[in-house]
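Participant: Quick one: this structure, given as structure tokens, is what I'll be asking you about.
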Amino acid sequence: MEGKAGIGFDANTSGPLRLSVDVYDPNDVRYKLRTEFQLVPDIFVVGQRTKPDREGETGSYVGLRHTF
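Using this note's numbering, you'd call the opening residue of the sequence shown number 166 and step up by one each time.
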């Protein structure tokens, strides 16, 4: 997905939730949805979904992120 033309939108609410949407490649539309929820300062639960619209390339991810 990276390296293709695209557009993105980030929504940082006044609370602990962040949302990011990226859409790539106008010739073969693909997207990435990402949500982060802040548990405590510098630690987030992250969920991400990618949809390249090709069988076998879709991915869902859940994890923790620590910022320094």
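Glycine included, each C-beta is placed from N, C-alpha and C at the ideal position.
For clarity, every value in this text was computed on a predicted model and none was experimentally measured.
(1) What first and last residue would you give for the beta strand (DSSP E) that runs through A109?
(2) Distance, Cα to Cα, L229 vs L182?
(3) Starting from the N-terminal side, write out each stretch of the beta strand (DSSP E) that is 3 residues or longer and does not extend beyond the segment 166-217.
(4) Is the Cβ-Cβ distance between D187 and F202 less than 9 angstroms?
Facilitator: Answer, in terms of the structure:
(1) Nothing can be reported for residue 109, as the shown portion of the chain is limited to 166 through 233.
(2) 14 angstroms
(3) 171-177, 182-189, 195-205, 208-216
(4) no
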